[in-house]
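Everything below concerns the one structure shown next.
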Amino acid sequence: MQELWKQLGSPRNLVVFEAAARLQSFTRAAQELNVQQPAVSVAIRRLEEGLGTPLFTRGHRQVVLTGAGERLLADVSRAFDQLALSVESIRQTKQAGYVTLSASTAFNNYWIMPRLADLQRQHPKIDLRLQSSDREPDIDAENISLAVRLGDGNWADCESALIAPEAIYPVASPRVMAAAVDLRSLPNLMSQRLIHLEEPIRQRPSWSDWFANFSIRTAVPNTGLRLNDYALVLQAAMAGEGFAFGWKHLTDRLVDQGLLAARSDWQWTTGKGFYLVWSKKTPLSDDARKVRDWILRTLDETA
5 MQELWKQLGS
15 PRNLVVFEAA
25 ARLQSFTRAA
35 QELNVQQPAV
45 SVAIRRLEEG
55 LGTPLFTRGH
65 RQVVLTGAGE
75 RLLADVSRAF
85 DQLALSVESI
95 RQTKQAGYVT
105 LSASTAFNNY
115 WIMPRLADLQ
125 RQHPKIDLRL
135 QSSDREPDID
145 AENISLAVRL
155 GDGNWADCES
165 ALIAPEAIYP
175 VASPRVMAAA
185 VDLRSLPNLM
195 SQRLIHLEEP
205 IRQRPSWSDW
215 FANFSIRTAV
225 PNTGLRLNDY
235 ALVLQAAMAG
245 EGFAFGWKHL
255 TDRLVDQGLL
265 AARSDWQWTT
275 GKGFYLVWSK
285 KTPLSDDARK
295 VRDWILRTLD
305 ETA
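Sequential numbering of the sequence shown, starting at 5, is according to the working numbering.
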């Protein structure tokens, strides 16, 4: 972190940058931040010097982001949004009258959402708030009722219940799968267009890990589509962009619906699992306990 601030100068420079980029004006950014316009210019200049590249193209009445500026804005905005969620959750308590479930975007989209009507039918008064996160949250510090974690089920701060073992097989749209005529043996998958998941914070298996499990040590081609969110990976696969990882607990339903096709005979079970977790320190509210029990009961019914 110290090295980061050596390059960026100060966290304040990122705040100034975000305001200037969002408002497309150094003057309006200064007004919003209640500082003088030269202070904004200085902060941006120091940021650009630290990064070694311009972030804005200066005009007479407006500034426009460069390519580097657009990339930085996307990451800064995401980080600030996540920080805002954390601050808001810390301000609340677990007795605030709602239940928070923190999980990946993909889990919320492809596991919870298709089953949400059943929860609402059984517990119409529960206020469930889904929080999508690209990291494993601190459920006590952030006052999160329930969360989904990948691991071995043993955490010092959490109770846990298994949702599903981590099992991965290749998936693609039915059209792409049918067109891949050279898949008589597993190594031939390397000749297909692969979709790579590259999450910025959480560690997830790569295609290299998957092939290595089958004793294939050949370097995976450094081509294909690279995405930082698994929900986007699945959308790309369904759109015909190539072959992707199919985490079984999320993609079995999509395969059954004909939205994806799978090579389930090439399944890798990693030894880890996806777990529903909740705090050991703070008792669950009645509503949170009902949501937990509904999830576990739904798992039993669909097993």
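For glycine and all other residues, C-beta sits at the position ideal for the given N, C-alpha and C.
Have a look at residue i and residue j and give me their C-alpha separation to the nearest angstrom.
| i | j | result |
| --- | --- | --- |
| Q1 | P178 | Only positions 5 to 307 of the chain appear in the structure, and residue 1 is not among them; the question remains open. |
| L59 | Y102 | 41 Å |
| A292 | E140 | 19 Å |
| G71 | L77 | 10 Å |
| A266 | A176 | 7 Å |
| F84 | L18 | 10 Å |
| T61 | Q86 | 28 Å |
| A25 | T31 | 11 Å |
| Y114 | Q41 | 47 Å |
| A182 | D256 | 18 Å |
| N192 | G275 | 25 Å |
| T273 | L254 | 14 Å |
| L288 | I148 | 10 Å |
| Q196 | A184 | 8 Å |
| N112 | R119 | 10 Å |
| D213 | D131 | 40 Å |
| D142 | E202 | 22 Å |
| T306 | Q207 | 28 Å |
Rounded C-beta distance between residue i and residue j? I'm assuming under 8 Å.
| i | j | result |
| --- | --- | --- |
| L229 | G246 | 6 Å |
| P204 | I172 | Not confirmed; about 20 Å, so no contact. |
| S136 | S164 | With a Cβ gap of about 20 Å, S136 and S164 do not count as contacting. |
| E22 | S81 | 7 Å |
| P174 | W270 | 6 Å |
| L105 | L134 | 6 Å |
| T222 | M194 | 7 Å |
| S144 | K252 | The sequence given here has Asp at residue 144, not Ser. Incorrect: roughly 30 Å between the Cβ atoms, too far for contact. |
If you measure between the beta carbons of residue i and residue j, is that distance less than 8 Å?
| i | j | result |
| --- | --- | --- |
| V68 | V44 | no |
| S283 | D161 | yes |
| A47 | R16 | yes |
| A248 | V259 | no |
| G250 | V180 | no |
| L231 | W211 | no |
| G13 | L51 | yes |
| L303 | I167 | yes |
| V295 | L150 | yes |
| D233 | D138 | yes |
| A33 | A110 | no |
| W298 | Q126 | yes |
### Task
Ignoring anything shorter than 4 residues or poking outside the region 25-99, list the alpha helix (DSSP H) runs there in chain order.
Whole alpha helix (DSSP H) segments, 4+ residues: 30-37, 41-55, 71-95.
### Query
Are the region 76-93 and the region 278-292 touching, with three or more C-beta to C-beta distances below 8 Å?
Touching, no, given that fewer than three Cβ pairs across the two stretches are closer than 8 Å.
### Query
Would the region 147-159 and the region 210-227 be scored as touching if the rule is three or more Cβ pairs under 8 Å?
The region 210-227 and the region 147-159 do not touch, with fewer than three beta-carbon pairs separated by less than 8 Å.
### Task
Would you mind listing the beta strand (DSSP E) stretches within the region 138-184 that are 3+ residues and don't spill past its ends, in chain order?
Runs of the beta strand (DSSP E) inside the region 138-184: 150-155, 162-176.
#### Entry: Contiguous beta strand (DSSP E) assignments of at least 3 residues, all confined to the region 174-247
Within the region 174-247, the complete beta strand (DSSP E) runs of at least 3 residues are 199-201, 229-231.
### Task
Output the residue ranges of the alpha helix (DSSP H) runs that lie fully inside the region 253-282 and measure 4 residues or longer, sorted by chain position.
With a minimum length of 4 residues, no continuous alpha helix (DSSP H) run stays inside the region 253-282.
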